[in-house]
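Protein chains in written order, with the numbering used here: chain A, 1 to 414; chain B, 1 to 347.
Note that CB positions come from ideal geometry on N, CA and C, so glycine has one too.
Every value quoted in this text rests on a predicted model; they were computed, and no experiment measured them.
In what follows, a structure is listed as structure tokens, so that the remarks can point back to it.
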Amino acid sequence: MTEETNRRRRGKEEAPPAADTEATLAEEAPESAQEGEYETEDVAAAPAEGSKGDFLSEQRRRESLAIDVTRDFPDKYRLSGAMEGCSDEQKLELFERLVKLRLFDARMRKLFRQGRFEGTYYSQIGQEACDAVLTYQMKRDDFVGPSHRDLGAAVGKGVPLKFLTAQVYNRVDSPDGGRYTACHYWHPDYGVMQPATSIMMNWIAATGAAFGYKMLGKDNVAAAFGGDGATAHGDFHEGCNFAGVHRLPIVYVIQNNLWAESLPLHLTSALENLSDRAKAFGFPGVSIDGNDVLAVWNATRAALERARSGEGPTLIEMKTYRWFGHSDIDPADYRSDDEVEAWMAKDPLPRFSAWLEDEGLLDDETLGGVVERVEEEIETAVDFAESSAKPGAETFLSEVYAESYPGFDVRAGR
Amino acid sequence: MASLSYIEAINRTLHEEMARDATTFLIGEDIGIYGGVFKATRGLLQEFGPERVIDSPISESLIAGMTVGAAMVGCRPLPEIQFADFISPAFDQIVQQLARFRWRTNGTYSMPVTIRTPYGGGVGGGVFHSQSNEAWFMNVPGLVMVAPSTVRDAAGLLRAAIRSEDPVLYWEHKKLYRSIKDELPEDEEFVTAIGEAHVAREGRDVTAISFGYTHHLAMTAAERLAEDGIEVEVIDLRTLLPLDTPTIKESVAKTGKAVIVHEAPKIGGIGGEIAAVLVVGSLVLACLAVAVVGTVAWPVDGSRGGGEGGQLVQGSRRLRGGIALTFLAVAALAVPLRRRDTFDVLN
Ligand SMILES: Cc1ncc(C[n+]2csc(CCOP(=O)(O)OP(=O)(O)O)c2C)c(N)n1
Ligand SMILES: [Mg+2]
Chain A
1 MTEETNRRRR GKEEAPPAAD TEATLAEEAP ESAQEGEYET EDVAAAPAEG
51 SKGDFLSEQR RRESLAIDVT RDFPDKYRLS GAMEGCSDEQ KLELFERLVK
101 LRLFDARMRK LFRQGRFEGT YYSQIGQEAC DAVLTYQMKR DDFVGPSHRD
151 LGAAVGKGVP LKFLTAQVYN RVDSPDGGRY TACHYWHPDY GVMQPATSIM
201 MNWIAATGAA FGYKMLGKDN VAAAFGGDGA TAHGDFHEGC NFAGVHRLPI
251 VYVIQNNLWA ESLPLHLTSA LENLSDRAKA FGFPGVSIDG NDVLAVWNAT
301 RAALERARSG EGPTLIEMKT YRWFGHSDID PADYRSDDEV EAWMAKDPLP
351 RFSAWLEDEG LLDDETLGGV VERVEEEIET AVDFAESSAK PGAETFLSEV
401 YAESYPGFDV RAGR
Chain B
1 MASLSYIEAI NRTLHEEMAR DATTFLIGED IGIYGGVFKA TRGLLQEFGP
51 ERVIDSPISE SLIAGMTVGA AMVGCRPLPE IQFADFISPA FDQIVQQLAR
101 FRWRTNGTYS MPVTIRTPYG GGVGGGVFHS QSNEAWFMNV PGLVMVAPST
151 VRDAAGLLRA AIRSEDPVLY WEHKKLYRSI KDELPEDEEF VTAIGEAHVA
201 REGRDVTAIS FGYTHHLAMT AAERLAEDGI EVEVIDLRTL LPLDTPTIKE
251 SVAKTGKAVI VHEAPKIGGI GGEIAAVLVV GSLVLACLAV AVVGTVAWPV
301 DGSRGGGEGG QLVQGSRRLR GGIALTFLAV AALAVPLRRR DTFDVLN
């Protein structure tokens with residue numbers, strides 16, 4: 001392994017990841033406290049008897065690799081090239097967003113295992129270079145239509161983490177007052193739509209937003225996000241087709257992470273490149289390495305420009321990988337360890353940080369500052385959510401209708 | 001003021017409301033160049049241009065679902081589903097997205113969307129052009145459904161729907177399109193309040209509750225029964241969801257008997273829902289007679305199929321007119337009444 005890995009100027013041995021990174025992200029409660037949870041709540045998804053310890057320690061191993069955003073990686077994955085039109089400040093700011101995304105995600109996984117919030121958690125670890133890199137470039141009032149695995153869409157667009165933790169915890173300080181669904185990140189003030197859990201509804205809605213912008217003569221653009229599995233849904237086709245016909249100002253992004261829950265890509269589509277689907281709609285489609293920040297930046301930048309200048313939609317397939325289960329109650333034992341390891345070696349964060357180092361933009365001090373700020377925001381956000389009240393059931397009775405009707409009584413049930 | 005048909009009232013209201021509000025747009029199949037398969041949208045493309053009158057591809061899910069994003073960025077969308085029978089591909093978007101979006105976002109976004117769709121039998125449409133499938137949507141809090149039976153309400157409810165902040169499913173009856181005419185009120189801004197049923201005829205013996213085309217059957221039956229001295233109170237629901245339960249209850253508290261008439265099969269239908277409203281949990285109304293007149297449980301509730309099916313349907317149509325009469329009579333005359341939740345008229 002040592003020969004193929006790229007030994008960094010500031011190698012692991014000489015400078016292990018900042019100690020406080022590990023300290024902050026270390027479990028606050030012993031995981032044994034919640035190990036039972038895998039037995040009770042995840043009956044169907046639980047790993048086979050006897051493998052639970054291995055499973056959890058493997059999860060921890062991956063998490064500690066994940067939070068090391070400057071770890072070594074094979075030389076062949078070294079990035080080269082430029083980020084067109086991106087200032088040095090923007091490069092560093094984007095890097096900070098990606099670190100934020102990664103550390104936040106790892107932290108949420110632990111909090112979930114500790115039983116600190118209900119429902120489940122959809123980790124995006126491994127896919128950070130995808131949606132965040134696009135939404136970072138959008139205007140605040142542009143429209144983003146995220147799906148269930150799009151933490152990055154919100155973080156990229158600048159939604160403060162405290163609203164995201166409040167969403168995860170379903171507390172009153174979330175944008176929906178704690179009535180909706182964990183991990184379905186949104187914020188009206190940042191132009192991030194509330195995702196529907198039903199796959200591709202956001203795709204159709206974002207298409208409608210793009211139509212609305214065009215009809216109202218606004219110069220805003222929309223972006224929609226979906227997975228490889230989602231491209232088989234009828235709404236993918238209805239949305240893209242309409243956008244093609246009307247040359248709508250929209251960027252469509254497919255994060256192809258090879259799996260749709262337990263469904264391998266070859267059972268979703270007979271295509272090799274999902275961007276080929278764009279041919280059917282009469283607009284360009286490109287397939288790129290979704291773990292290469294530079295490639296994603298350049299492709300999304302061009303697509304946004306195309307959309308904003310009235311030339312119409314673009315479909316971008318970003319080839320990437322999720323390190324963990326579909327959600328955090330899924331042990332993902334339908335995938336081989338080799339496959340996971342191979343993709344972990346293509347981790348987008350160390351690749352980007354190494355490139356920033358090569359460019360002379362990132363050094364230990366800068367990195368330390370980034371990590372410190374990010375960790376502080378995460379901790380403040382977790383405190384914010386944990387001290388935010390749980391909504392009372394009473395509060396859920398409102399807002400069924402905007403208008404009032406003589407025969408409607410929410411309590412009467414009709 | 002000249003008399004207008006039901007479909008002309010719809011067309012005129014669309015013209016007026018689109019002229020009034022530049023954020024409105026129409027989207028649907030064959031609505032622009034062709035003016036709609038029934039001509040409900042005739043002239044709108046010419047007046048408002050292809051930016052606001054969108055001839056959509058055959059994509060019902062898109063037609064309904066794109067309105068969510070469009071509404072979020074400031075539009076007031078007016079989608080049309082060409083036939084109610086083809087609304088099922090849009091069901092997901094209407095039920096899961098449009099109807100719940102306001103609740104989900106804790107009131108941050110409302111969905112001022114009016115979905116128009118032609119429904120109902122009696123025009124020889126066959127299995128896929130005849131359904132009265134409004135009951136599919138009855139189980140959806142957050143959604144509003146209106147079904148005008150008169151020319152005035154066709155205009156008044158449409159205007160109210162377009163101006164409403166809630167998503168409204170507007171059911172326009174195909175058989176009424178050109179079979180009734182009336183004058184519209186002088187006041188061009190008039191609306192029919194959503195959520196309020198209309199007591200179209202007062203009576204003390206029995207309440208007939210209906211909407212759309214069957215409202216006219218109920219009115220005819222009431223006139224005929226009046227000749228026999230039976231006074232029927234006729235309620236035109238106008239809004240199907242949320243139902244105007246106060247008006248319905250008040251009337252039935254007075255008459256003690258109710259006949260609910262609709263085109264759809266009785267199973268899981270609006271008749272059963274109203275019967276439940278009347279009977280369940282009401283001591284005062286416990287001695288009611290409630291009857292539901294609907295179609296037998298066959299998969300089409302239009303009036304004409306082909307071959308044997310067609311005869312069945314036609315037979316039922318004859319029966320249906322008669323049934324309303326028979327039932328109103330039975331319900332009115334049966335004294336003392338044994339308590340029954342529903343009479344199954346066709347069994
Ligand atoms: C219409 C619909 N069908 C099924 C589901 C259940 N479901 C949620 S996510 C998912 C897999 C999605 O796979 P993909 O599009 O590749 O996205 P990924 O989870 O890999 O990010 C499924 C089947 C759903 N939410 N909505
Ligand atoms: Mg996938």
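- Fully contained in the region 21-56 of chain B are the following beta strand (DSSP E) runs of length 3 or more, in chain order: 24-28 and 53-55.
- Per the coordinates, the alpha-carbon of Ser336(A) lies some 28 Å from the alpha-carbon of Ser353(A).
- Within its own chain, the residues whose Cβ lies closer than 8 Å to the Cβ of Trp323(A), once the five positions on either side in sequence are excluded, are Arg62, Ala66, Ser123, Ile125, Gly126, Val340, Trp343 and Met344, listed in chain order.
- When C-alpha distances from Glu128(A) are compared across Phe384(A), Met201(A) and Lys346(A), the shortest belongs to Lys346(A).
- For Arg42(B), the closest of His173(B), Leu14(B), Asp153(B) and Leu225(B) by C-alpha to C-alpha distance is Leu14(B).
- Identification of residues in the region 97-108 of chain B having a C-beta nearer than 7 Å to some C-beta of chain A yields Gln97, Arg102, Trp103, Arg104, Thr105, Asn106, Gly107 and Thr108, given in sequence order.
- For Pro249(A), the nearest beta carbon of chain B is not closer than 8 Å to its own beta carbon.
- Taking 8 Å as the CB threshold, Val73(B) lines the interface with chain A.
- Nearest in C-alpha terms to Thr395(A), of all of Val410(A), Pro406(A) and Glu386(A), is Val410(A).
- Here the distance from the Cβ of Asp228(A) to the nearest heavy atom of ligand 2 is below 7 Å.
- For Met145(B), the closest Cβ of chain A is not nearer than 8 Å.
- Per DSSP, the continuous beta strand (DSSP E) segment holding Glu183(B) begins and ends at Lys181 to Glu183.
- Out of Asn139(B), Val232(B) and Thr114(B), the CA that lies nearest to the CA of Ser164(B) is found in Thr114(B).
- When distances are taken from the beta-carbon of Asn241(A) to the heavy atoms of ligand 2, even the shortest one reaches 7 Å or more.
- Straight across, the Cα-Cα distance linking Lys91(A) with Leu78(B) is about 44 Å.
- Counting along the chain, no alpha helix (DSSP H) covers Ile94(B), and no H or E run does either.
- In chain order, Trp103, Arg104 and Asn106 make up the part of chain B whose C-beta sits under 8 Å from the C-beta of Arg179(A).
- In this chain, Arg178(B) is not harboured by any beta strand (DSSP E), its DSSP state being neither H nor E.
- In the structure shown, the three-state DSSP call for Ser88(B) is helix.
- Note on His266(A): under 16 other CB atoms within 10 angstroms of its CB, so exposed under the neighbour-count rule.
- Contact of Ile329(A) with chain B by beta-carbon distance below 8 Å is absent, the smallest such distance being about 23 Å.
- In the structure shown, the three-state DSSP call for Thr395(A) is helix.
- With a cutoff of 7 Å, His129(B) does not count as near ligand 1, since its C-beta is closer than that to no heavy atom of the ligand.
- Rounded to the nearest angstrom, the gap between the Cα atoms of Gly115(A) and Leu169(B) is 42 Å.
- Residue-level contact by beta carbon fails for Leu304(A) and chain B, as no gap is shorter than 8 Å.
- Taking C-beta separations shorter than 6 Å and ignoring five residues to either side along the sequence, the partners of Val286(A) in its chain run Ser275, Ala299 and Ile316, following chain order.
- For Gly407(A), the closest Cβ of chain B is nearer than 8 Å.
- For Val37(B), no Cβ of chain A is located within less than 8 Å of the residue's own Cβ.
- Distance from the Cα of Arg76(B) is smallest, within the candidate group Ile180(B), Glu223(B), Ser251(B) and Met18(B), for Met18(B).
- Look at Met193(A) here: in three-state DSSP terms it is coil, with no helix or strand label.
- With a contact defined as Cβ atoms closer than 8 Å, Glu60(B) and Pro89(B) qualify at about 4 Å.
- Taking C-beta atoms as the reference points, Val151(B) and Leu241(B) fail to come closer than 8 Å.
- Rounded to whole angstroms, the gap between the alpha carbons of Arg204(B) and Val252(B) is 9 Å.
- Using a CB distance cut-off of 8 Å, Ser132(B) does not count as an interface residue toward chain A.
- Short note on Asn291(A): C-beta not closer than 7 Å to any heavy atom of ligand 2.
- Secondary-structure assignment with DSSP links Lys139(A) through no beta bridge to anything.
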